[in-house]
Structure formats: C-alpha cells, structure tokens
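Peer 1: My structure is below; once you've seen it, I'll send some questions.
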Amino acid sequence: METGATAPVARSMHGDILVVTIDNPPVNALGVDVRRALVEAIDAADGDAAVAAVLLVGSGKTFIGGADIREFGKPPMTPFLPDVCNRIEACTKPVVAAIHGAALGGGLEIALSAHYRLALPAARLGLPEVQLGLLPGAGGTQRTPRLIGAAAALDLMLSGRHAGAAEAAKLGLVDRLVEGDDPVVAGLAYTRELLQMGARVRRTRDATALADADAQKTAIDAARAETAKKARGLFSPLKIVDAVQAAVELPFDDGLALERKLFMECLDSPQRAGLVHAFFAERETAKAPETRAAKPRPINSVGIVGGGTMGAGIAVAVLDAGLPVTMIERDDEALARGRKNVEKVYDGLVAKGRIKPEAKEAVMARWSGSTSYDALAQVDLVIEAVFEDMGVKHAVFAELDRVCKPGAVLATNTSYLDIDQIAAAISRPQDVVGLHFFSPANIMKLLEIVVPANVSSDVVATAFELAKKLRKVPVRAGVCDGFIGNRILAVYGQAAHAMMEDGASPYQIDKALRDFGYPMGPFQVSDLAGGDIGWATRKRRAATRDPRARYVQIADRLCERGWFGQKTGRGYYLYPDGARVGTPDPEVEAIIDAERARAGVTPRSFSDDEIVRRYLAAMINEGANVVHQKIALRPLDVDVTFVHGYGFPRYRGGPMKYADTVGLPKILADIREFANEDPIFWQPSPLLVELVEQGADFASLNK
Ligand code: CAA
Ligand code: NAI
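Pasting the structure below:
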C-alpha cells in the first residue's frame with residue numbers, strides 16, 4: 046500500500062514494515078531532496094503506530110553512492126547529512142538497511158545509522174571520501190570505529206577502498222550476508238525475523254568495538270606514522286586519523302562536533318576542489334562526441350604488431366581484460382622475446398604471490414604468436430607498436446591492409462608520427478585510429494585516442510569501448526606532433542632545460558617539482574624512461590627547428606657519452622650497482638657548467654617557487670594552445686591527460702584547473718615577464734589572452 050511519497054524517496058507499507066526506497070538515479074546520491082525526504086520518512090514512521098519497523102533500500106544498481114558531489118563548494122542546504130544520520134539513528138522503531146550495491150561515503154554512513162544491516166552478494170561498502178580530499182563527515186569517523194574497531198575503520202577510510210559483502214560481514218560492518226539480488230525481498234524477510242525475535246533499536250553510537258583502549262591507541266599511532274610518511278602533501282588523511290582518535294577519546298557527540306569541524310576544513314581546501322574536478326573530468330573525457338553518434342564495432346580478438354616495451358605491455362592489458370591476443374614479430378627470435386616480455390609480467394605476479402602459476406598458464410593460453418601477418422586475418426582490432434619510424438609503420442600498415450578482414454580496426458601506438466599520413470597510404474583510412482598507450486602500458490591508466498581526419502565515427506567509438514574494457518582512462522586527441530601529452534611535455538621540458546642552463550641544477554628542479562606534488566622530477570623521469578628516446582626525437586626535429594629558437598645541448602652531451610639513465614647506470618643521476626634511486630653526479634654538474642660557458646650564460650640562482658612558476662606557465666600556455674587548436678576538446682581533457690599520464694598531482698586537479706586556481710591574469714603576467722628574456726619561447730597563447738581579456742577562466746570552456 047502506498048502511504049505517500051516525496052520524490053526521490055518512495056514510501057510503502059508492507060504489513061507493519063515501512064519500506065523507504067531511495068530512487069535518485071544514477072547512483073541515489075544524497076542530494077538535498079533525498080535528505081529532506083529521508084527525515085520525513087523517519088518522522089512519519091515514528092509518528093505512525095501502524096509502523097513497527099523501517100526498511101531502507103536503494104533503487105536500481107546502487108544502495109546509495111554517497112553525498113551528492115555536485116553540491117560540494119555550493120551554499121549548504123538543510124537538513125545536513127550528519128543530522129539526517131542522527132535522525133535515523135534516533136528513530137524509536139528498528140531501522141534496517143538492506144544493501145545490494147554500492148554503499149559509499151554518506152551512503153555507508155546512512156547504513157551505519159540504521160540499527161541493523163544486511164548485505165546481498167553484490168554489495169560494496171566503503172568510505173572513499175579521502176579520494177575527494179574529504180573525510181567521512183556524517184558520523185562515519187565516529188560510528189565506524191565503534192562498530193569495527195579503529196584499525197579496520199582507519200584502513201577503510203585511509204585507503205578509500207571498497208569492501209565486498211563477505212568482507213563487510215566478516216568485519217562486522219553488516220550483521221548478515223544473504224543470497225539474492227532483491228533488497229526488498231531479503232530486507233523484508235530479515236526485518237520480519239528481527240520483529241519476531243523482539244529486536245529493539247540498537248544504535249551504533251553505543252557499539253563497543255573501542256573497548257580495548259590500548260589496542261585502539263596502537264592502531265592510531267601506527268596509522269598516524271604511516272600516513273605522515275605516505276600522504277605526500279595530502280591534507281585529509283591526517284585529519285581522518287585525528288577524527289578517529291576523537292572517537293576513541295571523546296564522548297560520541299563531542300567526537301561528532303570535531304568531525305564536523307575537520308570536515309569543513311577539508312571541504313574548504315583547494316585539494317578538495319582539485320580532487321572533485323578530477324573525479325568529474327575523468328568521467329567527462331570518456332564521453333567523446335563519437336561515442337554518442339556511433340555504435341562501437343564488436344571487439345572479441347586483438348592483434349598486436351611488435352612485442353617490445355609497448356607491444357608486450359599492451360598485450361598484458363588486453364589479456365587482463367579477458368581477450369585473446371595474436372602477436373606478430375619480425376622473426377622467431379624477436380617473437381620469443383616478445384612472448385618472454387609478456388610472461389615476465391605474470392612471473393613477477395606469481396613471485397609476489399599475487400596470482401597462482403595456474404592463473405598465468407590460463408592467461409598465456411589466450412596468447413598466440415606468429416611471424417606471418419596472415420595470422421591477423423580474422424582479428425577485430427590490431428594495435429601496431431613497432432619502431433617509431435614512418436617507413437616501418439608504412440610497411441606494417443600495408444601488410445595489415447592486405448590481410449585484415451573488412452571492418453577490422455587498425456590502430457597505431459605511435460608517440461609522435463602523423464597518423465593522417467599513415468592512414469592515407471592504405472586503402473581503408475576510415476579504419477585507422479591512434480591508440481596511444483603510456484609506459485608501462487599494463488599499468489598506466491591514460492589512453493590517448495587520436496582521431497585522424499578520415500576515420501569513421503564507429504571506429505572512434507570502438508576505441509572508447511576498448512578503453513572501457515581495458516579499464517583505461519580515455520582522452521580524445523587530435524593529430525599533431527605529440528598529440529596532447531607529449532606535445533605539451535616537449536614545451537615544458539624545454540623550460541626545464543632552459544632553467545638548468547641558466548643556473549638551476551637538475552636536482553633542485555626535481556626537488557621543487559616533487560615538493561609541488563609530483564612523485565618524481567622531470568630529470569628523474571628522463572633517467573627512468575631512457576634519455577635516448579628524447580635524443581632520437583630531438584635529432585628527428587633538428588632539421589625543422591626554428592634556427593632562432595634557444596636550444597639547450599646539455600642532454601645531448603650526456604647522451605653522447607651513452608649516459609641514458611638507469612639502464613646505463615648513469616644519466617642526470619648516478620645509479621651505482623643497479624640502484625633504483627639515483628644520487629647527484631658532480632661530473633654532470635661539471636658538464637652543465639661547461640655548457641653554460643659555451644653558451645655564454647652567467648648562471649643565476651632560482652627559488653623553488655620560480656622553478657614551479659616557469660615550469661607550470663610553459664605547461665599551461667601550451668595546454669591553452671592545444672585547446673585553442675582543438676587538439677584537446679576542452680581544458681579538462683588536458684587535465685586528465687596530465688593526471689593519468691604524466692604524474693601531475695591529482696589533488697591539484699590538473700594543470701588547467703591549477704591555472705584557474707592561481708588566476709589566469711597571474712599566469713599571463715608571468716609569461717609576459719619571462720618573454721623579456723626569450724620572446725620566441727614565451728609567446729602567450731591566443732586563448733589565454735582572450736580569456737584574460739574576457740575575465741573568464743578555463744572552467745568556462747569545460748561546460
Ligand atoms: N554524487 C553525484 N554524482 C555522482 C556521484 C555522487 N556521489 N557518484 C557518481 N555520480 C555520477 C557520475 O558523475 C556519473 O554521472 P554522469 O553519468 O553524468 O557522468 C554517474 O553518477 C554514474 O557514475 P559512474 O560512471 O562512476 O558509475 P559506476 O556505475 O561506474 O559507479 C559508483 C558508481 C561506484 C557509485 C561511482 O560513481 C563512485 O564511486 N562514486 C563516488 C562515490 C563517492 O566517492 N562517494 C562519497 C561521496 S563523498 C561523501 O559521501 C561525503 C560525506 O561523507 C558527507
Ligand atoms: P621497442 O623497440 O621496445 O619495440 C619495438 C618492437 O617492434 C621490437 O620488438 C621489434 O622487433 C618490433 N618490430 C619492428 N619492426 C617490426 C615489423 N616490421 N614487424 C613486426 N615487429 C616489428 O619499442 P617501444 O618502446 O615498444 O615502442 C613501440 C612504439 O610505441 C613506437 O611507435 C613508440 O613511439 C611508441 N610508444 C613508446 C612508448 C615508450 O615509452 N617506450 C610510449 C608510447 C608509445
């Protein structure tokens with residue numbers, strides 16, 4: 046019987062049980078209307094003698110996906126979520142939550158405010174607020190430890206991971222695990238059982254998992270030490286530890302008050318804004334226009350040409366997605382090496398105990414290799430990852446054109462080469478697309494989907510579908526030298542090299558950027574990737590370089606000595622005895638000094654702040670050019686590229702979001718100031734100038 050409803054929460058009576066269904070697609074987020082309606086439902090239950098108990102369920106695939114992230118940063122509207130949770134907990138009739146899908150963040154906090162909890166097998170429970178720069182702010186930091194102890198609660202809150210139904214039951218987050226997929230059926234059965242047993246309200250605020258004070262203190266001390274070491278500039282993790290400590294030391298209501306204060310500090314931090322931007326941006330990049338306009342072609346098998354660094358990594362990514370792979374190499378020896386490159390990844394996982402040897406065998410059973418292109422006759426999609434040389438690429442695509450079935454998607458993993466030219470040389474340019482993976486391809490999340498002029502929309506849609514299957518973060522890019530990422534990288538790389546020649550050491554530059562939030566500085570990255578790759582690119586571009594442009598030769602001097610980085614034992618840093626972490630090299634500093642003298646530069650000192658300003662200004666300016674020339678659809682596509690492919694600190698949202706945070710007039714003023722020294726390099730992007738003139742920001746172009 047329907048007893049009244051306030052969309053988006055429905056209420057219906059089932060005997061003496063009031064079923065309250067949250068129905069707010071797509072993920073039942075706790076927007077203000079949902080919060081209001083939940084309070085109304087509990088008030089109604091308390092005031093109605095016919096109601097013996099309340100059952101909370103979610104409609105669709107999710108229980109509740111959390112607070113409505115779109116409301117963050119806007120004026121808050123009552124009732125606030127902590128008050129909603131308190132109201133549920135205070136209900137005088139038993140409240141049961143039946144969780145059949147994601148119960149995340151505020152969603153789990155609602156469930157924890159219920160008196161009994163039930164999970165169905167597809168349930169996923171978690172407190173992922175840390176990933177948005179927040180802490181669980183609706184009682185989660187107080188109720189979770191009271192229910193499952195400080196150690197387990199801290200683990201969930203600091204990692205943000207999702208626990209499955211079985212683990213949630215084991216931890217004590219839920220009281221019972223039940224088979225099935227209908228939360229109403231399972232929830233009603235459980236609620237009836239509870240009523241028959243005479244179960245009373247049972248409030249999580251009174252739960253006793255914190256009774257052993259010494260154990261809690263040990264867990265908190267350990268989490269604090271670990272977090273201080275690992276949080277690397279993040280603001281909210283230590284606040285989470287503080288809040289859990291309050292749960293142990295303070296009465297419930299005082300702990301809630303402290304949690305609220307810490308939550309508001311997190312909410313107001315620029316890190317929260319950066320992380321929320323990243324959350325929405327990476328969902329937005331997955332929706333390229335072609336994915337709306339066309340249906341993807343089916344992909345059930347994949348060919349890969351080349352089994353080197355990238356070919357092998359891509360093979361692992363494809364195999365991990367459950368698809369069969371056919372690898373083509375030049376000769377038997379290279380093919381054997383290609384297979385070994387793939388196996389090495391799984392052997393590593395077996396050695397670490399992450400997978401069983403049988404699992405490796407099962408995956409490798411889906412791998413096959415050949416030195417004949419004919420083996421690719423029936424595959425749905427081919428990814429070429431051979432040497433970065435136009436002649437070699439043309440030869441490979443001519444073979445693909447000859448053997449592949451009509452409709453097969455033909456993709457290249459080229460880093461820089463002109464994909465329009467590759468496509469134009471074969472009879473089916475409409476089937477050619479760029480799939481630019483990042484190294485190591487089985488780990489890095491970014492996939493630039495490069496869209497040549499004559500490709501058909503369904504091929505682009507297929508590329509996005511493949512990204513989803515491979516669990517990659519796709520970004521649509523246009524054709525140009527380096528696409529979005531490598532093109533911008535080349536520019537800010539030059540800024541770094543200019544600073545090095547002007548007086549900053551590579552070690553100072555690396556440290557300044559690590560302090561900004563990068564896991565590694567640019568010279569450490571160069572040593573890791575191998576200086577020979579950039580050297581080859583510079584040689585290729587030498588003929589077309591503007592002869593008036595500044596060209597810093599320090600990197601060439603190192604490469605001429607065979608100092609390519611870690612793989613040769615030295616690059617900008619020394620790596621004695623195969624060390625993974627380098628030490629500064631006085632010989633490199635001497636080479637830099639000699640280059641400064643050769644170029645007639647009198648070295649000057651740089652503050653860390655100036656290093657960051659110059660590096661970021663170069664990145665942002667070229668980012669603006671890339672948007673202006675429609676290589677990237679929007680500034681947010683540049684942001685996602687840099688967060689997922691180039692180590693840009695996620696909590697700053699990406700370079701374009703960061704530019705908005707600093708203010709575009711300030712960035713433009715910096716560029717104009719730097720242009721006094723080098724007007725050829727520091728040319729303000731027309732888009733940046735235009736936005737500053739209009740008083741607009743990059744965010745205005747993301748809509
Ligand atoms: N608020 C608003 N919108 C949300 C949302 C949320 N909490 N969670 C997801 N969405 C939106 C997405 O932006 C997306 O919208 P579009 O279709 O317009 O792009 C849509 O819902 C579907 O999301 P996904 O594509 O991610 O769908 P999925 O099925 O792959 O995953 C999910 C569903 C597991 C719930 C996933 O969306 C997710 O992890 N969401 C975030 C969960 C989260 O972080 N919750 C904590 C919020 S903070 C909080 O609750 C604070 C507090 O304590 C007060
Ligand atoms: P690599 O040198 O490690 O591997 C290339 C492989 O291709 C070798 O195993 C070689 O035997 C094979 N090969 C060459 N010609 C062939 C042919 N005609 N037929 C079959 N196989 C052939 O090179 P890497 O680093 O894997 O690069 C491959 C491509 O990926 C290049 O286009 C590169 O620009 C691009 N790329 C490289 C990245 C990196 O970080 N290494 C990142 C992203 C893209």
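Numbering (the numbering used here), first residue to last: 46 to 748.
Yeah, the Cβ is synthetic: ideal placement off N, Cα and C, and Gly gets one too.
#1: Who are the Cβ neighbours of PRO621 in its own chain at under 8 Å, not counting the five residues just before and after it?
#2: With a cut-off of 8 Å on the beta carbons, I'd call VAL520 and THR686 a contact; round off their distance for me.
#3: Hey, would you say the C-beta of ALA183 is under 7 Å away from at least one heavy atom of the ligand CAA?
#4: Going by DSSP, name the residue or residues bridged to VAL496.
#5: Going by C-alpha to C-alpha distance, which of ALA147, LYS514 and TYR161 sits closest to CYS136?
#6: Using three-state DSSP, classify LEU713 as helix, strand or coil.
#7: Is the distance from the Cβ of ALA112 to the Cβ of GLY146 below 8 Å?
#8: Please classify LEU192: is it buried, with 16 or more other beta-carbons within 10 angstroms of its beta-carbon, or exposed?
#9: Taking C-alpha atoms, which residue in GLU546, GLY452, GLU667 and MET489 lies nearest to ALA535?
#10: Which residues in the same chain have their Cβ closer than 8 Å to the Cβ of THR706, if we skip the five residues on either side of it in sequence?
#11: To the nearest angstrom, how far is the alpha carbon of PRO190 from that of LEU201?
#12: Which stretch, first to last residue, makes up the alpha helix (DSSP H) that contains VAL646?
#13: Kindly list the residues whose CB is nearer than 7 Å to the CB of LEU222, restricted to its own chain and excluding five residues on each side of it in sequence; keep chain order.
#14: Taking just the CA atoms, how far does LYS748 sit from VAL321?
#15: Please classify VAL7 as buried or exposed, where buried requires at least 16 other C-beta atoms within 10 Å of its C-beta.
#16: Tell me whether ASP113 counts as near the ligand CAA, meaning its Cβ is closer than 7 Å to at least one heavy atom of that ligand.
#17: Going by the C-beta, is VAL229 closer than 7 Å to any heavy atom of the ligand CAA?
#18: From the DSSP output, in three-state form, read off ILE144 for me.
#19: Could you check where the alpha helix (DSSP H) with GLU15 kicks off and where it finishes?
#20: Do you know how far the Cα of PRO402 is from the Cα of ARG123?
#21: Under DSSP, the alpha helix (DSSP H) around ILE400 begins and ends at which residues?
#22: Closer than 8 Å is the cut-off here; do at least three beta carbon pairs connect the region 371-390 with the region 336-355?
#23: What residue does the beta strand (DSSP E) around ALA469 start on, and which one ends it?
#24: If you draw a straight line from the alpha carbon of PHE324 to that of ALA276, how long is it in whole angstroms?
#25: In the DSSP assignment, find the alpha helix (DSSP H) that holds MET355 and state where it starts and stops.
#26: Who pairs with VAL370 in a beta bridge, going by DSSP?
#27: Using only CA atoms, which one of PRO173, ALA574, PRO694 and ALA508 lies nearest to HIS207?
#28: In chain order, what residues of the same chain have a beta carbon less than 7 Å from the beta carbon of SER730, not counting five sequence neighbours either side?
#29: In terms of DSSP beta bridges, what is HIS207 paired with?
#30: Using the three-state DSSP reduction, which class does THR686 fall into: helix, strand or coil?
#31: For ILE62, which residues does DSSP report across the bridge?
#32: Taking C-alpha atoms, which residue in ALA588, ASP419 and PRO341 lies nearest to MET372?
#33: Alpha carbon to alpha carbon, what distance is there between PRO474 and LYS438?
#34: Check ILE529 in the structure and name its three-state DSSP category.
#35: What's the gap between the Cα of GLY692 and the Cα of ASP526?
#36: Given a cut-off of 8 Å, decide if ALA506 and PRO343 are closer than it, judged by their beta-carbon atoms.
Peer 2: Looking at the coordinates:
#1: Position 576 of the sequence shown, counted from the start, is the residue given in the question as residue 621. Cβ within range, chain order: GLY614 and THR628.
#2: Walking along the sequence shown from the start, residue 520 turns up at place 475. Walking along the sequence shown from the start, residue 686 turns up at place 641. Indeed, because the Cβ distance is near 5 Å, the residues count as touching under 8 Å.
#3: Here residue 183 refers to the residue found at position 138 of the sequence shown. ALA183 Cβ: within cutoff of the ligand CAA.
#4: Against the sequence shown, residue 496 aligns to sequence position 451. Under DSSP, VAL496 shares a beta bridge with GLY523.
#5: Counting from one through the sequence shown, the residue named residue 136 turns up at place 91. Here the closest residue by C-alpha is TYR161.
#6: Sequence index remark: in the sequence shown, residue 713 carries index 668 (1-based). In the structure shown, LEU713 sits in a helix (DSSP, three-state: H, G or I).
#7: Position 67 of the sequence shown, counting from 1, holds the residue named residue 112. Position 101 of the sequence shown, counting from 1, holds the residue named residue 146. Cβ distance not < 8 Å, so ALA112 and GLY146 don't count as in contact.
#8: Taking the first residue of the sequence shown as 1, we reach residue 192 at position 147. By the neighbour-count criterion, in which 16 or more other beta carbons inside 10 Å mark a residue as buried, LEU192 falls on the buried side.
#9: Counting from 1 along the sequence shown, the entry for residue 535 is found at position 490. It is GLU667 whose Cα lies nearest to the Cα of ALA535.
#10: The residue given as residue 706 occupies position 661 in the sequence shown. Closer than 8 Å at Cβ, skipping near neighbours: PRO315, ALA318, GLY319, ARG697 and GLY698.
#11: The residue you call residue 190 lines up with position 145 of the sequence shown. The residue you call residue 201 lines up with position 156 of the sequence shown. Approximately 10 Å between the Cα atoms of the pair.
#12: Within the sequence shown, numbered from 1, the residue matching residue 646 stands at position 601. No alpha helix (DSSP H) holds VAL646; DSSP gives it neither H nor E.
#13: As a position in the sequence shown, residue 222 is number 177, starting the count at 1. Excluding its 5 nearest sequence neighbours in each direction, LEU222 has C-beta neighbours in its own chain below 7 Å: ALA164, ALA210, ALA211 and ALA214, listed in chain order.
#14: Sequence index remark: in the sequence shown, residue 321 carries index 276 (1-based). Sequence index remark: in the sequence shown, residue 748 carries index 703 (1-based). Each residue's alpha carbon lies about 15 Å from the other.
#15: Examination of residue 7 is not possible in this model, given that the chain is present from 46 through 748 alone.
#16: Within the sequence shown, the letter at position 68 stands for residue 113. Yes, the beta carbon of ASP113 sits closer than 7 Å to at least one heavy atom of the ligand CAA.
#17: Taking the sequence shown and counting its residues from 1, the one referred to as residue 229 is at position 184. Flag unset: Cβ of VAL229 not near the ligand CAA.
#18: Counted from its first residue, the sequence shown places residue 144 at position 99. Three-state DSSP puts ILE144 in a strand.
#19: Residue 15 lies beyond the range of the chain shown here (46 to 748); nothing can be said about it.
#20: Residue 123 sits at position 78 when you count from the first residue of the sequence shown. Residue 402 sits at position 357 when you count from the first residue of the sequence shown. With the sequence shown as reference, residue 123 is identified as Thr, and Arg is not the correct amino acid for it. Looking at the two C-alpha atoms, the distance is approximately 55 Å.
#21: Locating residue 400 in the sequence shown gives position 355, where the first residue counts as 1. Counting along the chain, no alpha helix (DSSP H) covers ILE400, and no H or E run does either.
#22: yes
#23: In the sequence shown, residue 469 corresponds to position 424, counting from 1. No beta strand (DSSP E) contains ALA469, which is instead part of the alpha helix (DSSP H) from 464-469.
#24: For the purposes of this step, residue 324 is taken as the residue at position 279 of the sequence shown. For the purposes of this step, residue 276 is taken as the residue at position 231 of the sequence shown. Taking the straight line joining both Cα atoms gives about 19 Å.
#25: Start at 1 with the first residue of the sequence shown, and residue 355 comes out as number 310. Start and end: 354-365.
#26: As a position in the sequence shown, residue 370 is number 325, starting the count at 1. Bridge partners of VAL370: VAL347 and TRP412.
#27: As a position in the sequence shown, residue 207 is number 162, starting the count at 1. The shortest Cα separation from HIS207 among PRO173, ALA574, PRO694 and ALA508 belongs to PRO173.
#28: Counting from one through the sequence shown, the residue named residue 730 turns up at place 685. Hits under 7 Å: ASN666, ALA669, ASN670 and HIS673.
#29: Along the sequence shown, read from residue 1 onward, the residue named residue 207 stands at position 162. Partner(s): GLY171.
#30: Reading the sequence shown from its first residue, position 641 is the one you call residue 686. It is helical.
#31: Sequence index remark: in the sequence shown, residue 62 carries index 17 (1-based). ILE62 pairs with HIS59 and ALA98.
#32: Counting from one through the sequence shown, the residue named residue 372 turns up at place 327. Of the listed residues, the one whose Cα sits closest to MET372 is ASP419.
#33: Here residue 438 corresponds to residue number 393 of the sequence shown, with the count starting at 1. Here residue 474 corresponds to residue number 429 of the sequence shown, with the count starting at 1. Approximately 14 Å, taken between the alpha carbons.
#34: To locate residue 529, count along the sequence shown from 1; it is residue 484. In this structure, ILE529 counts as coil in the three-state DSSP scheme.
#35: As a position in the sequence shown, residue 692 is number 647, starting the count at 1. As a position in the sequence shown, residue 526 is number 481, starting the count at 1. Answer to the nearest angstrom: the Cα atoms are 21 Å apart.
#36: One-based indexing of the sequence shown puts residue 343 at position 298. One-based indexing of the sequence shown puts residue 506 at position 461. Not a contact, by the Cβ cut-off of 8 Å.
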